[in-house]
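To start, the structure itself, in structure tokens.
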Amino acid sequence: RESKGKLPKYPGLERYTLLEKMGDGAFSNVYRAKDNNGQYEQVAIKVVRKFEMNSTQGNVMHPDYEKKAPKTVERANILKEVQIMRQLDHPNIVSLVDFSESRQYYYIVLELCPGGELFHQIVRLTYFSEDLSRHVIGQVANALEYLHEEAGVVHRDIKPENLLFYPTPFVPSKAPKSHSGEDEDKADEGEYIPGIGAGGIGTIKIADFGLSKVIWDSQTMTPCGTVGYTAPEIVKDERYSKSVDMWALGCVLYTLLCGFPPFYDESIQVLTEKVARGQYTFLSPWWDDISKSAQDLVSHLLTVDPEKRYDIKQFLNHPWIRQSNEPTQAAA
Ligand code: ADP
Ligand code: MG
215 RESKGKLPKY PGLERYTLLE KMGDGAFSNV YRAKDNNGQY EQVAIKVVRK
265 FEMNSTQGNV MHPDYEKKAP KTVERANILK EVQIMRQLDH PNIVSLVDFS
315 ESRQYYYIVL ELCPGGELFH QIVRLTYFSE DLSRHVIGQV ANALEYLHEE
365 AGVVHRDIKP ENLLFYPTPF VPSKAPKSHS GEDEDKADEG EYIPGIGAGG
415 IGTIKIADFG LSKVIWDSQT MTPCGTVGYT APEIVKDERY SKSVDMWALG
465 CVLYTLLCGF PPFYDESIQV LTEKVARGQY TFLSPWWDDI SKSAQDLVSH
515 LLTVDPEKRY DIKQFLNHPW IRQSNEPTQA AA
């Protein structure tokens, strides 16, 4: 993690003091920052570079020009991400605080999720208990219900890296014994250990609307842009696009419960083929002690035919989801 001194200064971002780099991607760096106006205590700022410069320096004769040519981050894409986020208001969705830009950068200022990615918690705990999984996936599902049924938005990039959380305050209860001795040491130091007994993991929030799309006009409750001449495959496409999020939800639930994803292969070709066929198993011994009800729910999400796949309402009505959480500790 970078120290304060090494953090860059961005023009036009004087309202905030950068504190720490939280993530970086091909085009964006995400920072934790302090709001000097005092309206928010802390925020997350996604700084997106407008141009990607590189060694080919725009030389079209360079053999790598195609591959490495400066790529422009499409203005329209950033504006769409911001525009969609602006319309959303749900406790399980990261809210947009502010948006601005300078000559070289876009600045997307977001509500801070101090817990970071759910992904790291899965890695840390190896897998989640059924209760903790339900507690997490239920919150993701509540956000999806809002997106699909109210806002008319499909996210299209649901995955553990894009699920962030706001941790419940640390409760120094008896920290759950973990398989690795390391975690026990951390628990002694008073580090936050998620578990239902300690109030769950906290509030889960869906982030990253970079690939999201408005499919349904929430005002008129009709498909976007449809005026009666739209082909059936387009209308169906719109219906199917929600089911994309449901598939991803199934992948996340599977991963929470056992600690590894339902589809994996080192070869991208083989992996693609497995996904296309919906080829996954409840691998023994990891799935031996996971309830049949949980497996049933996963299988209704990891259904290849989008018409037969559960939608969000069916998901929320499944007995495994409706079951109430017993106070319990984190993953065994
Ligand atoms: P990208 O399009 O590059 O994936 P994201 O919006 O997913 O951009 O942000 C990248 C990473 O930055 C996230 O996976 C997360 O680790 C971190 N991050 C993004 N937004 C926040 C936030 N509001 N609070 C805390 N961390 C965040
Ligand atoms: Mg992301």
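Here the sequence shown is numbered in the working numbering, starting from 215 and rising by one per residue.
We put the beta carbon where it would ideally sit given N, CA and C, even for glycine.
Model, not experiment: these values are computed from the prediction.
Neighbour-count burial assignment, residue i, 16 or more Cβ in a 10 Å radius
i           : result
residue 193 : This structure leaves residue 193 out entirely; the chain is present only between 215 and 546.
residue 317 : exposed
residue 463 : buried
residue 503 : exposed
residue 549 : The requested residue 549 does not occur in the structure, where the chain is confined to residues 215 to 546.
residue 253 : exposed
residue 345 : buried
residue 497 : exposed
Same chain, Cβ closer than 8 Å to residue i, five either side skipped, listed in chain order
i           : result
residue 251 : 229
residue 348 : 534, 535, 537 and 539
residue 610 : Past the boundaries of the shown model lies residue 610; the chain is included only from 215 to 546, so the question cannot be answered.
residue 256 : 233, 246, 247, 248, 249, 326 and 328
Whether residue i touches residue j by CB criterion (8 Å)
i           : j           : result
residue 232 : residue 355 : no
residue 382 : residue 416 : yes
residue 516 : residue 475 : no
residue 526 : residue 362 : yes
residue 425 : residue 371 : yes
residue 443 : residue 520 : no
residue 247 : residue 327 : no
residue 300 : residue 310 : yes
residue 492 : residue 512 : no
residue 423 : residue 234 : no
Alpha carbon of residue i to alpha carbon of residue j, nearest angstrom
i           : j           : result
residue 359 : residue 330 : 23 Å
residue 385 : residue 303 : The predicted model places residue 385 with a pLDDT of 48, which falls under 50 and marks its position as unreliable; any figure quoted below should be read in that light. Approximately 29 Å between the Cα atoms of the pair.
residue 222 : residue 239 : 16 Å
residue 265 : residue 227 : 18 Å
residue 478 : residue 485 : 6 Å
residue 343 : residue 507 : 14 Å
residue 481 : residue 505 : 31 Å
residue 394 : residue 380 : Because residue 394 carries a pLDDT of 47, less than 50, the predicted location of this residue cannot be relied on, and no value is offered for it.
residue 509 : residue 449 : 32 Å
residue 337 : residue 350 : 15 Å
residue 483 : residue 466 : 22 Å
residue 298 : residue 366 : 10 Å
residue 224 : residue 364 : 37 Å
residue 249 : residue 237 : 19 Å
residue 528 : residue 353 : 15 Å
residue 289 : residue 447 : 29 Å
residue 552 : residue 494 : An answer regarding residue 552 cannot be provided, because it is not within the stretch 215 to 546 covered by the chain.
residue 522 : residue 378 : 29 Å
residue 532 : residue 501 : 19 Å
residue 312 : residue 291 : 17 Å
residue 438 : residue 431 : 5 Å
residue 445 : residue 489 : 28 Å
Beta-carbon proximity list for residue i, same chain, < 6 Å, skipping 5 on both sides
i           : result
residue 308 : 324, 325, 419 and 421
residue 397 : Unreliable placement is indicated for residue 397, whose pLDDT of 48 sits below 50; the coordinate value is still reported in the next sentence. Counting only Cβ-Cβ distances below 6 Å, and skipping sequence neighbours, we find nothing.
residue 427 : 368
residue 333 : 374 and 375
residue 357 : 304, 306, 307 and 420
residue 461 : none
residue 514 : 524
Neighbourhood of residue i by C-beta, 7 Å cutoff - its chain only, sequence neighbours within 5 removed
i           : result
residue 611 : Within the shown structure, residues of the chain are numbered from 215 to 546, placing residue 611 beyond reach of any answer.
residue 263 : 241, 287, 318 and 319
residue 314 : 226 and 321
residue 499 : none
I need the residues with a C-beta less than 5 Å from some heavy atom of the ligand MG; please give them in chain order. 376 and 422
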